[in-house]
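Here's the structure, in structure tokens; my notes come after.
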Amino acid sequence: MSTSVEVVPLTGMAILRIHGDVTGDSEGALMGAYAQLDPGVRAVLLDFAGLEYMNSGGIGLLVTLLVRAQRAGRRLHAIGLSEHYREILTLTRLDEAIEVHDNETAALAAATA
Amino acid sequence: MDTQGTTNRDDAEAWAHPVERLVATGTGASTDTVTGRRVAGPLQGFGQLWQKTFSVRLDGIDIPPEDLVAHWRDHFPTYWPPGARFYAPLLGIQPGEVALLELAPVPGSPVKMSTGVVVIYADREAFTFMTPEGHALSAWITFSAFRDGGVTVAQAQALERTADPFVELAYMMGANRSNDRFWEQTLANLAVSVGIREPTVQTTKVCVDRRRQWRYVRNVRFSPLVTMATGVVTAPGRWVRRPR
């Protein structure tokens, strides 16, 4: 299955709702969505509730996205992660740079804090 | 490019489980500098972030990508250049296994750097290693195969930072290029093993982040260059005290 990313703009932040697979082939969809963000966005919420499959190429893409966000002074937050994908973020120590939240309400509160 | 497909729909078995501290499962190495350490990926490194892609086309060789990946996993240590040793885990390249390595800092050097890698991902199409603290690089590297225009292509793609300022300095003075040659030779050896007579390895390097991460300057406490230098300096004392 391919990747689709829905961009939900909010004030000063944005949600990227990810659906399908995240693999090395997802670069166009993921980076294309990120490129749509308003320059004033300071926090990006990655919603993984629609994630069906992620391999190591996909994790590599998340690192690249994270670096782009950090260069732009943006913080990344993650929501909708299953226990399995939370483990993967822990395994790769991505959870030290991407804040993981239980739900959208908690993420939005953290992003505006 | 045709695809680097996703035919295996369940990724749960392909990923390792997180551990707080690593335990080496590779056998045969004289030194284990990995057990007790944590993994350290590109986010935990010091130097500039590089994405390096090495690929070789297997023109005229009828081997499906999945067969090539299986072949690569089974014989991984044999494709490394001379002077480098990969001590594979007993169970082979499987998620969660920790291999040990001995690498020459410069070609021909009698002194070796001892380190390792963790297999964080492995399926029929790819496998990925991540480095532990004490490795020269904070990195992961994915080995994969895919079809491109009816030709099977083998690829190694690294996302890496040097782990500490000493290694970064060495990288700037030529170790970066030496690292490239290491993987180019590995890909060439793999291609030869399946019947390519004169393999051509393509290399693409992109500096993803030019900034150095000074908050990780304390990685020097694990620096393999410091460990190696200490080992050389104290070698005479160890030789004198050795059991006779």
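Listed in order, the protein sequences are those of chains A and B. Per the working numbering, residue 1 is the first one in the first sequence, and the count goes up by one each step. Per the working numbering, residue 1001 is the first one in the second sequence, and the count goes up by one each step. We put the CB at the ideal spot given by N, CA and C, even for glycine.
So residue i packs on residue j, CB below 8 Å; how close in whole Å?
i: Q1048 (chain B); j: R1161 (chain B); result: 7 Å
i: S1138 (chain B); j: G1045 (chain B); result: 3 Å
i: A57 (chain A); j: T23 (chain A); result: The question names Ala, but residue 57 (chain A) in the sequence shown is Gly. Going by Cβ atoms, the distance from G57 (chain A) to T23 (chain A) rounds to 5 Å, so yes, they are a contact pair.
i: G50 (chain A); j: R17 (chain A); result: 6 Å
i: P1132 (chain B); j: A1040 (chain B); result: 6 Å
Give the straight-line distance between the Cα atoms of residue i and residue j, rounded to the nearest whole angstrom.
i: I59 (chain A); j: T1031 (chain B); result: 31 Å
i: L76 (chain A); j: D1010 (chain B); result: 26 Å
i: Q1004 (chain B); j: I1093 (chain B); result: At Q1004 (chain B) the pLDDT is 48, less than 50, meaning the model places this residue with poor confidence; the figure from the coordinates comes in the next sentence. In a straight line, the C-alpha of Q1004 (chain B) is about 20 Å away from that of I1093 (chain B).
i: Y1087 (chain B); j: W1072 (chain B); result: 15 Å
i: T1203 (chain B); j: T11 (chain A); result: 42 Å
i: F1129 (chain B); j: V1111 (chain B); result: 24 Å
i: D1062 (chain B); j: V1153 (chain B); result: 11 Å
i: R1212 (chain B); j: G1060 (chain B); result: 43 Å
i: A1136 (chain B); j: A1016 (chain B); result: 22 Å
i: G100 (chain A); j: A107 (chain A); result: Note that residue 100 (chain A) corresponds to Val in the displayed sequence, not to Gly. Distance between the alpha carbons of V100 (chain A) and A107 (chain A) is about 8 Å.
i: Y1216 (chain B); j: D95 (chain A); result: 17 Å
i: W1214 (chain B); j: E1168 (chain B); result: 12 Å
i: E1125 (chain B); j: S4 (chain A); result: 22 Å
i: T1006 (chain B); j: G1237 (chain B); result: At T1006 (chain B) the pLDDT is 44, less than 50, meaning the model places this residue with poor confidence and gives no usable figure here.
i: T1186 (chain B); j: Y1079 (chain B); result: 5 Å
i: M1001 (chain B); j: I79 (chain A); result: For M1001 (chain B), the predicted model reports a pLDDT of 44, less than 50, meaning its position is unreliable and no value from the coordinates is stated.
i: V1201 (chain B); j: V63 (chain A); result: 26 Å
i: A1104 (chain B); j: P1042 (chain B); result: 22 Å
i: P9 (chain A); j: A110 (chain A); result: 17 Å
i: A1256 (chain B); j: Q70 (chain A); result: This structure cannot speak to residue 1256 (chain B), because chain B is shown only from 1001 to 1244.
i: R68 (chain A); j: E87 (chain A); result: 23 Å
i: R1210 (chain B); j: P1243 (chain B); result: 50 Å
i: G1134 (chain B); j: R1221 (chain B); result: 8 Å
i: F1054 (chain B); j: R1218 (chain B); result: 31 Å
i: G1149 (chain B); j: V1226 (chain B); result: 47 Å
i: I98 (chain A); j: G1231 (chain B); result: 38 Å
i: Q36 (chain A); j: T112 (chain A); result: 21 Å
i: R1177 (chain B); j: Q1157 (chain B); result: 15 Å
i: V1208 (chain B); j: A1024 (chain B); result: 31 Å
i: A1331 (chain B); j: S1193 (chain B); result: Not covered by the structure: residue 1331 (chain B). The range shown for chain B is 1001 to 1244.
i: L81 (chain A); j: H19 (chain A); result: 12 Å
i: L1090 (chain B); j: G1116 (chain B); result: 14 Å
Check each candidate in the options and name the one with the smallest Cα separation from residue i.
i: V1118 (chain B); options: B:Y1216, B:L1022, B:G1174, B:T1227; result: B:L1022
i: A1012 (chain B); options: A:N55, A:L108, A:Y34, A:I98; result: A:N55
i: D25 (chain A); options: A:M1, A:E96, A:D47; result: A:M1
i: Q1096 (chain B); options: B:A1139, B:P1132, B:F1143, B:Y1121; result: Gln is not the amino acid found at residue 1096 (chain B); the sequence shown has Gly there. It is B:Y1121.
i: R1085 (chain B); options: B:W1015, B:G1134, B:L1101, B:P1165; result: B:L1101
i: F48 (chain A); options: A:N103, A:A113, A:M13, A:E27; result: A:N103
i: T1027 (chain B); options: B:E1020, B:V1019, B:P1077, B:L1058; result: B:P1077
i: A1188 (chain B); options: B:D1164, B:P1081, B:I1141, B:P1064; result: B:P1081
i: I15 (chain A); options: A:V63, A:L30, A:I88, A:Y53; result: A:L30
i: A1070 (chain B); options: B:P1243, B:F1146, B:S1109; result: B:F1146
i: A33 (chain A); options: A:Y53, A:G40, A:E6; result: A:E6
i: K1205 (chain B); options: B:L1159, B:A1229, B:M1173; result: B:L1159
i: I1196 (chain B); options: B:V1039, B:R1057, B:A1024; result: B:R1057
i: P1165 (chain B); options: B:W1140, B:S1223, B:V1233, B:V1151; result: B:S1223
i: H84 (chain A); options: B:L1190, B:E1184, B:W1183, B:P1018; result: B:P1018
i: A1099 (chain B); options: B:A1191, B:E1066, B:T1033; result: B:T1033
i: D21 (chain A); options: A:G28, A:Y53, A:A43, A:M13; result: A:Y53
Going by other Cβ atoms of all chains shown within 10 Å of its Cβ, with 16 needed for buried, is residue i buried or exposed?
i: D1123 (chain B); result: buried
i: L1198 (chain B); result: Strictly speaking, residue 1198 (chain B) in this sequence is Glu, with Leu absent from that position. With fewer than 16 other Cβ atoms within 10 Å, it is exposed.
i: A72 (chain A); result: exposed
i: W1239 (chain B); result: exposed
i: R1037 (chain B); result: buried
i: T1142 (chain B); result: buried
i: L61 (chain A); result: buried
i: L45 (chain A); result: buried
i: M1172 (chain B); result: exposed
i: D160 (chain A); result: Residue 160 (chain A) lies beyond the range of chain A shown here (1 to 113); nothing can be said about it.
i: E1020 (chain B); result: exposed
i: A1029 (chain B); result: buried
i: S1144 (chain B); result: buried
i: D1074 (chain B); result: exposed
i: P1064 (chain B); result: exposed
i: L65 (chain A); result: buried
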